[in-house]
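Here the structure comes first, spelled out in structure tokens, and everything after it is commentary.
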Amino acid sequence: CKSMPFLADNSADTIFGMNVVYFLSPLEEYLKEMKRVLKPGGTVVFGCKFGSLPEAGTTEEFVNVNRHEICDTMRMAGFVVTMNKVLVDGGDVEMKNYVEIRATKPSVNPGREREELLAVMESSQ
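Take a look at the structure:
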């Protein structure tokens, strides 16, 4: 949601979206609201499949199709960002090309940001 008035500032631990980041336009507005409602140290997790998306600009619906640009936008919004490939078990079909983009809201204490980044990077390995 671009606006979540039903959630107080710094109230959510995690926001999860599967196959949704492609449609968030403008992404910066959504990230601003997510950052508002997340607690310090809270995370946004997007599950994304980039292998079969249309190219940017070829459809009106798919506006965020480059994983690196999405991560850069999240960093510019003030998040600590990691990206990892994941294999999703689709029963009889292997679903490849899935990526987890994890963005962590830094803590209120700026001295902890480096420690948080290292912890996020370590936990994603």
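Take the position in the sequence shown, starting the count at 1, then add 12; the result is the number in this note's numbering. Glycine included, C-beta positions come from ideal geometry on N, C-alpha and C. Everything numeric in this text was worked out from a predicted model, so none of it was measured.
- request: Specify whether the region 45-58 and the region 19-34 touch according to this definition: at least 3 beta carbon pairs, one from each stretch, less than 8 Å apart.
  value: yes
message: Taking the alpha carbon of Tyr-110 as the reference point, which residue from Val-98, Thr-85 and Lys-14 has its own alpha carbon closest?
response: Val-98
- request: Please report how far the alpha carbon of Asn-78 lies from the alpha carbon of Val-57, in whole angstroms.
  value: 16 Å
task: For Ser-15, collect the residues of the same chain with a Cβ closer than 7 Å to its Cβ; drop the 5 residues on either side in sequence, then sort them by chain order.
output: Glu-45
- prompt: So what does DSSP say about Lys-51, is it helix, strand or coil?
  reply: strand
- request: Jot down the residue ranges of each uninterrupted beta strand (DSSP E) in the region 13-85, minimum 3 residues, whole runs only, in chain order.
  value: 24-30 and 50-61
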